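Q: Sharing a structure below in structure tokens format, with a few things to ask.
Protein chains: 2
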Amino acid sequence: MINSKNLKKLDEFVEKSNKIAVVAHADPDGDSIGSIMALREILKTKGKDVDFFINGEIPFNYKFIKDLDKASLTYKEKKYDLFFALDSSDEERLADKVDIMKNSKKTICIDHHKTNNGYCNLNIIEPDFSSTGEIIYEIFKTLKYEINERAAENIFIAIITDTGKFIYDNAGYKTFENVSDLLKLNIDKNEIVKNLYSSEPKNIFKLKADVFNSTEFFMEDKVALSCLFKENLKKYNLSLKDIDGLVERLRDIENVEISILIKELDHKTYKISMRSLGNSDISKVCEIFGGGGHKNAAGFKIDNIEFATLKKLILEEVEKNAL
Amino acid sequence: MINSKNLKKLDEFVEKSNKIAVVAHADPDGDSIGSIMALREILKTKGKDVDFFINGEIPFNYKFIKDLDKASLTYKEKKYDLFFALDSSDEERLADKVDIMKNSKKTICIDHHKTNNGYCNLNIIEPDFSSTGEIIYEIFKTLKYEINERAAENIFIAIITDTGKFIYDNAGYKTFENVSDLLKLNIDKNEIVKNLYSSEPKNIFKLKADVFNSTEFFMEDKVALSCLFKENLKKYNLSLKDIDGLVERLRDIENVEISILIKELDHKTYKISMRSLGNSDISKVCEIFGGGGHKNAAGFKIDNIEFATLKKLILEEVEKNAL
């Protein structure tokens with residue numbers, strides 16, 4: 001249950017505001033985009049003047065979302081009555097849009113990351129929710145604001161993507177109940193699902209096949225490692241932002257406890273993503289290399305190193321610290 | 001709503017029976033196995049003597065299901081008071097287990113395939129349900145039978161697999177509501193999901209990478225075609241039954257309306273699976289080759305033909321009849 005005093009305060013903030021800005025974290029995903037678009041829709045039905053900002057490039061499978069092209073680009077000199085920071089565990093995740101926050105009269109943070117310490121005037125942090133989109137649904141349903149079809153669609157997008165199609169730990173009975181309610185609002189689930197999951201560009205499909213084809217296995221198959229070189233990307237005319245889900249896919253192989261993806265950013269410069277299952281804590285490994293993250297999802301960047309050396313070092317540290 | 005007269009009749013049949021047999025269709029999948037195991041559990045809590053039969057080899061990701069090893073193997077000479085045919089649209093789908101049906105006093109069919117014409121004494125055919133497992137849940141919840149944790153787990157397995165993780169058309173608000181109820185029964189969702197979706201053997205992963213790597217695209221990328229030869233399988237020590245989901249995966253590529261997988265069964269003998277999106281009716285194409293199926297999922301077998309000739313013929317008929 002969301003604290004009712006906070007809900008009342010949010011309601012007051014909204015009532016007293018006219019010009020409102022809505023922002024979410026950099027490297028947009030389904031939850032950040034869905035949450036922005038849902039909140040915008042809900043505030044608009046209240047007659048508010050809402051600007052929204054997308055913090056970075058939109059992945060191909062979210063481009064179908066209605067009105068995304070109406071995102072505001074300029075914000076210097078603008079002063080908002082109210083600023084919403086969505087799905088962002090700290091100010092840094094807001095990138096340069098933190099300037100808008102600093103220039104706003106009141107600020108509200110809505111998030112489900114438990115590491116969020118609250119950096120706004122009002123902070124609604126609910127780690128038990130599947131997604132920020134689901135918190136937004138709960139807030140405005142409780143406050144009896146109108147949730148129209150388009151808002152419902154965007155909440156659905158936030159939930160389905162942040163739960164990996166409802167299968168992650170974060171989707172419990174309450175999430176299924178809420179999705180059931182959203183479907184009753186007549187959203188076009190099939191069309192959304194088709195756009196999110198059946199629209200992978202051919203070149204991305206092909207590049208993934210290449211990467212999977214060259215996956216290596218170590219330590220009695222407990223570790224799967226793949227690489228994504230600049231020449232892979234060049235071959236298919238793609239950039240790193242086009243590719244996601246690779247490192248998660250590798251973890252879904254039998255016996256694999258740790259999956260590693262080494263991405264070449266530039267000559268002798270790499271970004272490493274790691275995932276693990278259960279008790280394998282790969283954040284420790286990433287910390288050794290100056291990175292960090294969570295127990296089961298972490299990463300780091302490194303430069304001025306030969307690929308072969310890097311691979312050897314990573315595997316050594318994984319064996320020592322995470323298995 | 002399931003016809004209440006039928007529910008009453010089912011209840012009477014069960015009450016009057018002691019020895020009960022439960023069977024589902026050949027080539028077992030999540031819905032057939034989950035339905036069998038859920039129904040067995042529910043009938044056992046009523047004190048019934050239940051035998052169940054698995055019609056064919058169990059795919060790797062269902063082998064974790066509890067008590068599957070208790071399947072009965074022998075059935076000749078056995079006479080049951082009641083026989084359940086689950087998820088089987090016709091008698092043929094019961095394979096040789098149809099003999100048990102013929103030797104039973106009463107028979108009940110529970111299914112969600114709309115083509116099912118009803119071949120038992122009592123037929124509960126509900127095409128609006130996501131899965132046979134969900135019908136079983138609805139039947140016994142309404143009849144107020146006990147649905148214990150293990151029954152709930154198996155119903156969950158039936159639903160999650162037959163809806164492709166809740167995303168297919170067949171999962172509407174009612175399905176999400178039912179899953180929410182199942183989760184309240186304390187089933188171990190994470191463990192089930194891990195077993196179903198994070199346990200792909202390394203060799204299957206590798207073989208899929210090979211197959212994806214060699215996918216060809218035709219007709220402005222509207223058609224994706226892959227082949228699975230015996231030598232592919234041999235390389236990884238696998239058999240055809242180990243591999244599924246390939247043809248569906250190909251359909252999820254941008255612009256692809258029709259996906260085709262040609263599987264080599266033997267020298268000059270092939271099994272072809274096809275999937276399509278929206279209005280592309282590939283059952284027409286498969287009928288030309290003596291096969292059939294549904295508008296968006298169909299197939300056929302063919303022998304005594306060279307691979308190159310077959311491929312050419314299929315592509316010609318697809319272009320003529322399905323695009």
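Those protein sequence lines, which keep their order, are chains A and B. Read in order, the letters of the first sequence are residues 1 to 323 in our numbering. Read in order, the letters of the second sequence are residues 1 to 323 in our numbering. Heads up, the beta-carbon is just placed ideally off N, CA and C, and yes, glycines get one too. Bear in mind that the values here come from a model prediction, so they are computed numbers and not experimental data.
Please name the residue, chosen from Lys-311(A), Phe-218(A), His-294(A), Lys-301(A), that lies closest to Lys-114(A) on a Cα-to-Cα basis.
A: Among Lys-311(A), Phe-218(A), His-294(A), Lys-301(A), the Cα nearest to that of Lys-114(A) is on His-294(A).
Q: Does Cys-227(B) come out as helix, strand or coil in the three-state DSSP assignment?
A: Of the three classes helix, strand and coil, the one that applies to Cys-227(B) here is strand, per DSSP.
Q: Is there a Cβ of chain A sitting closer than 8 Å to that of Asn-190(B), yes or no?
A: Closer than 8 Å: yes.
Q: Closest Cβ-Cβ distance between Phe-52(B) and chain A: below 8 Å?
A: By this cut-off, Phe-52(B) is not an interface position.
Q: How about the stretch 58-72 of chain B and the stretch 84-99 of chain B: do they share at least three Cβ pairs that are nearer than 8 Å?
A: The stretch 58-72 of chain B vs the stretch 84-99 of chain B: no contact.
Q: Could you tell me the distance, in whole angstroms, from the CA atom of Ala-26(A) to the CA atom of Arg-251(B)?
A: Straight-line Cα distance between these residues: approximately 31 Å.
Q: Using DSSP with H/G/I as helix, E/B as strand and the rest coil, what is Glu-216(A)?
A: The answer is strand: DSSP assigns Glu-216(A) an E or B state.
Q: Going along the stretch 193-206 of chain A in order, which residues come within less than 7 Å of chain B, judged by CB to CB distance?
A: Under the 7 Å Cβ criterion, the stretch 193-206 of chain A contributes Val-193, Tyr-197, Ser-198, Ser-199, Glu-200, Pro-201, Lys-202, Phe-205.
Q: Counting only Cβ-Cβ distances shorter than 9 Å, please list the residues of the stretch 145-167 of chain A near chain B, keeping chain order.
A: Answer in chain order: Ile-160, Gly-164, Lys-165, Phe-166, Ile-167.
Q: Considering Val-256(B), what are the terminal residues of the alpha helix (DSSP H) in which it resides?
A: Note, Val-256(B): premise wrong, no alpha helix (DSSP H); not H, not E.
Q: Is Phe-52(A) helix, strand or coil by DSSP?
A: Reduced to three states, the DSSP call for Phe-52(A) is strand.
Q: Determine, for Leu-183(A), whether the minimum Cβ-Cβ distance to residues of chain B falls below 8 Å.
A: So, interface residue.
Q: Within 8 Å, do at least three Cβ pairs link the stretch 141-148 of chain B to the stretch 104-119 of chain B?
A: Touching, no.
Q: Looking at the C-beta of Phe-217(A), does it have a partner C-beta in chain B at a distance below 8 Å?
A: Cβ-Cβ to chain B under 8 Å: yes for Phe-217(A).
Q: So, is the C-beta of Ile-251(B) closer than 8 Å to a C-beta in chain A?
A: A small correction: the amino acid at residue 251(B) is Arg; Ile does not occupy that position in the sequence shown. Cβ-Cβ to chain A under 8 Å: yes for Arg-251(B).
Q: Would DSSP call Cys-109(B) helix, strand or coil?
A: Strand, per DSSP.
Q: Pick out the complete alpha helix (DSSP H) segments inside the stretch 66-104 of chain B, 4 residues or longer, and give them in chain order.
A: Taking only runs of at least 4 residues, the alpha helix (DSSP H) segments lying wholly in the stretch 66-104 of chain B are 98-102.
Q: Report the rounded CA-to-CA distance for Lys-184(A) versus Tyr-173(B), giving the unit in angstroms.
A: Cα to Cα, Lys-184(A) sits roughly 6 Å from Tyr-173(B).
Q: What residue range is occupied by the uninterrupted alpha helix (DSSP H) comprising Tyr-119(A)?
A: Tyr-119(A) -> no alpha helix (DSSP H), and no H or E assigned at all.
Q: Quick one: residues in its chain with C-beta nearer than 6 Å to the C-beta of Thr-175(A), no 5 flanking neighbours on either side, listed in chain order?
A: Excluding residues within five positions, the ones whose Cβ falls inside 6 Å are Ser-130.
Q: State the beta-bridge partners of Ser-273(B) as determined by DSSP.
A: Per DSSP, Leu-261(B), Gly-299(B).
Q: Using the beta-carbon count (16 or more within 10 Å), is Asn-3(B) buried or exposed?
A: Under this definition Asn-3(B) is an exposed residue.
Q: Using the beta-carbon of each residue, which ones in chain B are nearer than 7 Å to Phe-229(A)?
A: The contacting residues do not exist; Phe-229(A) stays about 17 Å from chain B at best.
Q: Nearest to Asn-296(B) by alpha carbon, out of Glu-248(B), Cys-286(B), Asp-281(B)?
A: It is Asp-281(B) whose Cα lies nearest to the Cα of Asn-296(B).
Q: Is there a Cβ from chain A that is less than 8 Å from the Cβ of Val-179(B)?
A: Closer than 8 Å: yes.
Q: Given this structure, state the Cα-to-Cα distance separating Pro-28(A) from Asp-210(A), to the nearest angstrom.
A: In a straight line, the C-alpha of Pro-28(A) is about 26 Å away from that of Asp-210(A).
Q: Name, in chain order, the residues that DSSP records as bridge partners for Gly-292(A).
A: BP columns for Gly-292(A) point to Gly-299(A).
Q: List the DSSP bridge partners of Glu-200(A).
A: Its beta-bridge partners are Ile-253(B).
Q: Contact defined as beta carbons within less than 8 Å: I believe Leu-261(B) pairs with Ile-124(B). What is the distance between those atoms, to the nearest angstrom?
A: 34 Å between Cβ atoms; not a contact.
Q: Applying a beta-carbon distance threshold of less than 9 Å, which residues of chain A neighbour Glu-57(B)?
A: Simply none; closest approach about 18 Å.
Q: So that I know if they touch, is there some Cβ in chain B lying closer than 8 Å to that of Gly-172(A)?
A: So, interface residue.
Q: Going by beta carbon distance, what residues of the same chain come within less than 8 Å of Ile-20(A), once the five residues before and after it are set aside?
A: Within the same chain, Ile-20(A) has close Cβ partners Val-14, Leu-43, Lys-48, Asp-49, Val-50, Asp-51, Tyr-80, Asp-81, Leu-82, Phe-83, Phe-84.
Q: Determine whether the beta carbon atoms of Glu-317(B) and Val-285(B) lie at a separation below 8 Å.
A: Taking 8 Å as the Cβ cut-off, Glu-317(B) and Val-285(B) qualify as a contacting pair.
Q: Quick one: is Ala-209(B) near chain A, going by C-beta distance under 8 Å?
A: Yes, its Cβ sits closer than 8 Å to a Cβ of chain A.
Q: Would you mind sorting Met-1(B) into buried or exposed? The rule is 16 or more other CB atoms within 10 Å of its CB.
A: Burial call: exposed.
Q: Taking 8 Å as the cut-off, decide whether the C-beta atoms of Ala-322(A) and Ser-259(A) are in contact.
A: Cβ atoms of Ala-322(A) and Ser-259(A): not closer than 8 Å.
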